[in-house]
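Undergrad: Letter by letter, the sequence shown follows residues 0 to 439 in numbering that gives the first Met the number 0.
C-beta atoms are modelled at their ideal positions from N, C-alpha and C, and glycine is treated no differently.
Structure in structure tokens, see below.
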Amino acid sequence: MSGLLPVSRDCKCGSSDCRKRVVMARNPPIACANDLSINEEQVVREHNLFLVRNRQHCIARAASHGLVGSFGPPLSQLDGMQTVLKGIVYRNKSRMLQVGGYDPDQAWPLGKANEKDDAVRCICGSLEEDGEMTQCDTCNFWLHSECLRDVDHDSEYKCQFCRGVISGGRPCSDVILAKQPDIRLHSCSYYKALTNNRSIQVRLNETVHVLKTIKDDHKKILKKLMDVSEKNEKKKNDKEEEKFDDIPLAPENRLPHETFHRKDLRVFRVERLFAAPGGHRFVFGFYYARPHETFCDSQRIFHRNEVFSTPLYDTLPLDAVVGRCAVLDASVWCIGRPTVPSFKEEDVYICEYQIDRNQRSFEKIPSKNRYPINTQPYVFKKFKEAITIKRDFTAFLIFYFFLIFCFSSSPGTFISAVHCRSVRFLVVVQTVDENRERIE
0 MSGLLPVSRD
10 CKCGSSDCRK
20 RVVMARNPPI
30 ACANDLSINE
40 EQVVREHNLF
50 LVRNRQHCIA
60 RAASHGLVGS
70 FGPPLSQLDG
80 MQTVLKGIVY
90 RNKSRMLQVG
100 GYDPDQAWPL
110 GKANEKDDAV
120 RCICGSLEED
130 GEMTQCDTCN
140 FWLHSECLRD
150 VDHDSEYKCQ
160 FCRGVISGGR
170 PCSDVILAKQ
180 PDIRLHSCSY
190 YKALTNNRSI
200 QVRLNETVHV
210 LKTIKDDHKK
220 ILKKLMDVSE
230 KNEKKKNDKE
240 EEKFDDIPLA
250 PENRLPHETF
260 HRKDLRVFRV
270 ERLFAAPGGH
280 RFVFGFYYAR
290 PHETFCDSQR
300 IFHRNEVFST
310 PLYDTLPLDA
320 VVGRCAVLDA
330 SVWCIGRPTV
340 PSFKEEDVYI
350 CEYQIDRNQR
360 SFEKIPSKNR
370 YPINTQPYVF
380 KKFKEAITIK
390 RDFTAFLIFY
400 FFLIFCFSSS
410 PGTFISAVHC
420 RSVRFLVVVQ
430 TVDENRERIE
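Okay, structure coming up:
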């Protein structure tokens, strides 16, 4: 028996001519402890949403009156409770496995590749076939020619992985762009891959987790670089070299290993990587918004790992990157998961829509603005059957139970009891709503 609602039924006293009705009106249980996960039950107890023990008392009381099994399971009620709890615990999800708790790059392939696969394993970390490629004669993996500086086409080539320069098959070096972009900051070098002080190799076009709150020291350096670039743009014929004595040297100390809650991070798409004078390293790109960071109809539902592309671009210090994640198109998300790098499901996001700067208008992402990934078998595992996108999560807390109870044939006293519990829900709703954040 998974729920008790106030009802009336015939008396079971045994008398043949008894017409008395037994009214079962009591403090309403909402769900039993067995119906909730450990995290959900913890939230219920912490916010005093209802007393779980009321459930046990009601069942025992019903059993003593011979009513066990007389009520069907209130599926809509239980589903509603779980939906509300999803909204409550959304900001505290995935505490068990935090960002930084595992290394996605540990899955990079070792040994030799199958010659028929045309497998790519380059020092830049990119798995895409881009431009001219060079094959290692030892491991049969292909590398981007523009990333290599030690290739002798007249002799047998052995890549850095096979020579032991890069250990473990895990790309971890800086790779400068062979062709620097036309629009760039003065005295800055642009890279295809750049490693930060957390030993994370950040790569072009990939998605990463970045810290929500960082210091503003880097903005002074960027302002200086912008001013110099504008000055040189006006004086194209003046070849006088600009001095950056007022830019302090960047710290070179390795940062200690840390783990982070996902609620303290944002999803970021990397579009530029560059190093500035003084050893300062930066990443440029745009943010993705999570459901609770948008403004939309309260009836709109999402997938728990759904994110939305935004036009909000930013330049951050490279050390603001604390971990990797994968943002997949809907068509790719449904058929499988990337195995190199290998991500936990909490770090695999689905992105089908983009929003405007005010984070209110949703529209599908055009095909030209999508970021495809390599879906070859050596780096991608397909499901036996394609899955569907199940959108059953809302960033808004709705009074499911209040609506259910109000439209039921309950006595007025019961509605009053439910109203007392609705006040407790309201406190949690207001708390979460106050913590709702916009990306700025």
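Can you look up Glu-270 in the DSSP assignment and give me helix, strand or coil?
TA: If DSSP states are grouped into helix, strand and coil, Glu-270 belongs with the strands.
Undergrad: Do you know offhand how far Ser-198's Cα is from Lys-363's?
TA: Near 36 Å, if we compare the C-alpha coordinates of Lys-363 and Ser-198.
Undergrad: Got a sec? Which residues, its chain only, sit under 6 Å from Ser-341 by beta carbon, not counting five neighbours each side?
TA: Excluding positions up to five away in sequence, the list reads Pro-103 and Ala-106.
Undergrad: I'd like the list of long-range same chain contacts for Lys-380, defined as Cβ closer than 7 Å, with 5 residues on each side in sequence excluded.
TA: Here the set comprises Gly-335, Arg-336 and Thr-338.
Undergrad: Just how far apart, CA to CA, sit Ala-288 and Leu-210?
TA: Using only the alpha carbons, I get a separation of about 14 Å.
Undergrad: What span of residues does the beta strand (DSSP E) with Glu-351 cover, start to end?
TA: Run containing Glu-351: 347-354, per the beta strand (DSSP E) assignment.
Undergrad: In chain order, what residues of the same chain have a beta carbon less than 8 Å from the beta carbon of Ala-249, not counting five sequence neighbours either side?
TA: For Ala-249, where only same-chain residues beyond five positions count, the Cβ hits under 8 Å are Gly-277, Gly-278, His-279 and Arg-280.
Undergrad: Quick check: the Cα distance between Phe-460 and Cys-333, rounded to an integer number of angstroms?
TA: Since the displayed the chain opens at 0 and closes at 439, residue 460 lies outside it and no answer follows.
Undergrad: Looking at the structure shown, is Arg-280 part of a helix, part of a strand, or coil, going by DSSP?
TA: Of the three classes helix, strand and coil, the one that applies to Arg-280 here is strand, per DSSP.
Undergrad: If you compare alpha carbons, which of Arg-359, Phe-392, Arg-303 and Leu-203 is closest to Leu-176?
TA: With distances taken between Cα atoms, Leu-176 lies closest to Leu-203.
Undergrad: Spatial neighbours of Arg-444 within its chain, please: CB distance less than 7 Å, with the 5 preceding and 5 following residues excluded, ordered by chain position.
TA: No answer is possible for residue 444: it lies beyond the span of the chain, which begins at 0 and ends at 439.
Undergrad: Please report the distance separating the alpha-carbon of Arg-120 from that of Pro-108.
TA: The alpha-carbon atoms of Arg-120 and Pro-108 are separated by roughly 8 Å.
Undergrad: Given this structure, state the Cα-to-Cα distance separating Lys-242 from Arg-183, to the nearest angstrom.
TA: When rounded, the distance between both Cα atoms is 18 Å.
Undergrad: Under 8 Å by Cβ, that's how I've got Glu-305 and Ile-349 pegged, so tell me the actual separation to the nearest angstrom.
TA: Right, their Cβ atoms sit about 5 Å apart.
Undergrad: Using C-beta distances below 8 Å, list every residue in its chain close to Phe-285, excluding the 5 sequence neighbours before and after it, in chain order.
TA: Closer than 8 Å at Cβ, skipping near neighbours: Phe-267, Arg-268, Glu-270, Ser-308, Thr-309, Pro-310, Leu-311, Tyr-312 and Asp-313.
Undergrad: Between which residues of its own chain and Ala-329 is the CB-CB distance below 7 Å, once the five residues before and five after are set aside?
TA: Closer than 7 Å at Cβ, skipping near neighbours: Ile-349, Glu-351 and Ile-388.
Undergrad: Please classify Lys-115 as buried or exposed, where buried requires at least 16 neighbouring CB atoms within 10 angstroms.
TA: Its Cβ having fewer than 16 others within 10 Å, Lys-115 is exposed.
Undergrad: Could you pull the start and end residues of the alpha helix (DSSP H) that Lys-383 belongs to?
TA: Note, Lys-383: premise wrong, no alpha helix (DSSP H); not H, not E.
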